[in-house]
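166 is the number of the first residue of the sequence shown in my numbering; add one for each residue after it. Step one of this worksheet: look at the structure below.
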Amino acid sequence: MQRLQAFFCFTMTIILACGGPKATIAPMLKEVTYRVAVLPFNSSGFLSSQKPGTFASGELAKMLFIKKRAVIVDPAIVNATMVKLGLTATSVLPLKQLRNLAKILGVQLVIVGEVRKIDANLDAFFNQKETRIMITLRLLDPENGTVLGIVSHEIRGKDEDEHLIMSLIEKLVDALDGLKIRDGKAKI
166 MQRLQAFFCF
176 TMTIILACGG
186 PKATIAPMLK
196 EVTYRVAVLP
206 FNSSGFLSSQ
216 KPGTFASGEL
226 AKMLFIKKRA
236 VIVDPAIVNA
246 TMVKLGLTAT
256 SVLPLKQLRN
266 LAKILGVQLV
276 IVGEVRKIDA
286 NLDAFFNQKE
296 TRIMITLRLL
306 DPENGTVLGI
316 VSHEIRGKDE
326 DEHLIMSLIE
336 KLVDALDGLK
346 IRDGKAKI
């Protein structure tokens, strides 16, 4: 068994060392004071077939884990639990349902958000379009529904929506550093 574990560790080290820039490991902290659930974001202005809210919330969870080493509940588990409870990806949850969801997931903090897309014509003559995407996050205490912090950013560009959303998520994760919450409980 020890040989198998040693082989696995060695193999993973080699794979990650040669894997290039996409291979990322974020070591877990030994002392954890809170767990965070990132709920699927509400979205508006996108085609109905697109799911930017789910994409953005998943990327935020990943970046919080990698950059801030926060303890994040797996977004797939969050989604499955919400479906089981009959909840949808909306930025407004009744307090009773928010408490129930937090209790089931075992979290002390919940992040909800919204992704908005606005297309703006830059130059009618050249038929160029610029996309404006805005993401707003709210950090909630699920016990009483108190908003502990709000962060919002927008970006403009001609890139694909996913690239713009990724750029925004990186800015939002950095902006979460600026939130100073009582008791140090919500410091991400």
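Ideal placement from N, C-alpha and C gives every residue a C-beta, glycine not left out. This one's a predicted model, so the numbers in the text were calculated from it and none came from an experiment.
Backbone CA spacing between residue i and residue j [nearest angstrom]
{"i": "residue 302", "j": "residue 282", "result": "15 angstroms"}
{"i": "residue 275", "j": "residue 219", "result": "15 angstroms"}
{"i": "residue 261", "j": "residue 250", "result": "12 angstroms"}
{"i": "residue 273", "j": "residue 333", "result": "25 angstroms"}
{"i": "residue 232", "j": "residue 338", "result": "8 angstroms"}
{"i": "residue 335", "j": "residue 224", "result": "9 angstroms"}
{"i": "residue 320", "j": "residue 206", "result": "17 angstroms"}
{"i": "residue 322", "j": "residue 297", "result": "7 angstroms"}
{"i": "residue 194", "j": "residue 230", "result": "Low confidence applies to residue 194: its pLDDT is 45, below 50, so where it sits in the model is not reliable, and the reading given next is rough at best. Straight-line Cα distance between these residues: approximately 11 angstroms."}
{"i": "residue 244", "j": "residue 299", "result": "23 angstroms"}
Where residue i falls, given that 16 or more other Cβ within 10 Å makes a residue buried
{"i": "residue 267", "result": "buried"}
{"i": "residue 172", "result": "Because residue 172 carries a pLDDT of 42, less than 50, the predicted location of this residue cannot be relied on, and the following value inherits that uncertainty. So residue 172 ends up on the exposed side."}
{"i": "residue 362", "result": "Residue numbering for the chain in the displayed model covers 166 to 353; residue 362 lies beyond these limits and cannot be assessed."}
{"i": "residue 209", "result": "exposed"}
{"i": "residue 235", "result": "buried"}
{"i": "residue 295", "result": "exposed"}
{"i": "residue 226", "result": "buried"}
{"i": "residue 221", "result": "buried"}
{"i": "residue 271", "result": "exposed"}
{"i": "residue 237", "result": "buried"}
{"i": "residue 203", "result": "buried"}
{"i": "residue 259", "result": "exposed"}
{"i": "residue 279", "result": "buried"}
Opening and closing residue of the beta strand (DSSP E) in which residue i lies
{"i": "residue 322", "result": "311–322"}
{"i": "residue 202", "result": "201–203"}
N-terminal and C-terminal residue of the alpha helix (DSSP H) that residue i is part of
{"i": "residue 218", "result": "217–233"}
{"i": "residue 262", "result": "260–270"}
{"i": "residue 248", "result": "240–250"}
Rounded distance between the beta-carbons of residue j and residue i, thought under 8 angstroms
{"i": "residue 330", "j": "residue 217", "result": "6 angstroms"}
With contact counted as at least three CB pairs below 8 angstroms, one residue from each stretch, are the stretch 261–278 and the stretch 306–320 in contact?
yes
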